[in-house]
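To start, the structure under review is shown below, and the notes come after it.
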Amino acid sequence: MLEDVPRDPFADDPNDPSSAMGALDDAEPLTASERDEAITDLADVEVFRSLLEPQGVLGLVLDCPECGEQHFFDWELLRGNLRQMIEKGQPQVHEPAFHPDPADYVSWDYARGYVDGVIDTEERR
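The following block contains the structure:
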């Protein structure tokens, strides 16, 4: 199932800078409710992508509670992270987007509102 997850750019690199950090601790498995939430999020991302990508949206911007900055995720990276969370209990290590144009990304709340608007429009027909 993880075959669609982007490959670690330092995999098999003897000069991997993270090797100085030592081995990572095994992740704690997700609780049943955390797993259910991640599965729901993954389904939401698929719907968001199907409706927003044709409009030119490249992905989502998420506020990081740890660093206080915004992180830009393209659809594939977001999808891969959620799938890895479901299977491994932690997201994959990834490179941040390089100079993303904020106009190409929307927030989770915007995406949710857009989907709700599309559903409401379809129900009125």
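In UniProt numbering, the protein residues as written are 1 to 125.
C-beta atoms are modelled at their ideal positions from N, C-alpha and C, and glycine is treated no differently.
Minimum C-alpha distance to residue i - residue among the options
{"i": "R83", "options": "C64, A11, E46 and C67", "result": "E46"}
{"i": "G117", "options": "P14, F48 and E34", "result": "F48"}
{"i": "I86", "options": "P29, L60, E53 and E123", "result": "P29"}
{"i": "D104", "options": "L77, K88 and L58", "result": "L58"}
{"i": "P100", "options": "R112, D74 and N81", "result": "D74"}
{"i": "W108", "options": "E69, A11, D44 and D12", "result": "D44"}
Bounding residues of the alpha helix (DSSP H) (the contiguous stretch that carries residue i)
{"i": "V45", "result": "A32 to L52"}
{"i": "A111", "result": "W108 to R124"}
Residue i to residue j span [Cα, whole Å]
{"i": "F72", "j": "P102", "result": "8 Å"}
{"i": "C67", "j": "Q55", "result": "30 Å"}
{"i": "E34", "j": "D41", "result": "10 Å"}
{"i": "residue 200", "j": "P9", "result": "With the chain covering 1 to 125 only, the question about residue 200 has no answer from this structure."}
{"i": "T121", "j": "L62", "result": "27 Å"}
{"i": "Q90", "j": "R125", "result": "42 Å"}
{"i": "N81", "j": "S50", "result": "18 Å"}
Residue i: first and last residue of the uninterrupted beta strand (DSSP E) it sits in
{"i": "D63", "result": "G59 to D63"}
Neighbour-count burial assignment, residue i, 16 or more Cβ in a 10 Å radius
{"i": "G113", "result": "exposed"}
{"i": "A111", "result": "buried"}
{"i": "A32", "result": "exposed"}
{"i": "L2", "result": "Because L2 sits at a pLDDT of 47, beneath the cut-off of 50, its placement in the model cannot be relied upon, and the following sentence gives the value as read from the coordinates. It counts as exposed."}
{"i": "A11", "result": "exposed"}
DSSP bridge partner residues for residue i (one or two, in chain order)
{"i": "F72", "result": "V61"}
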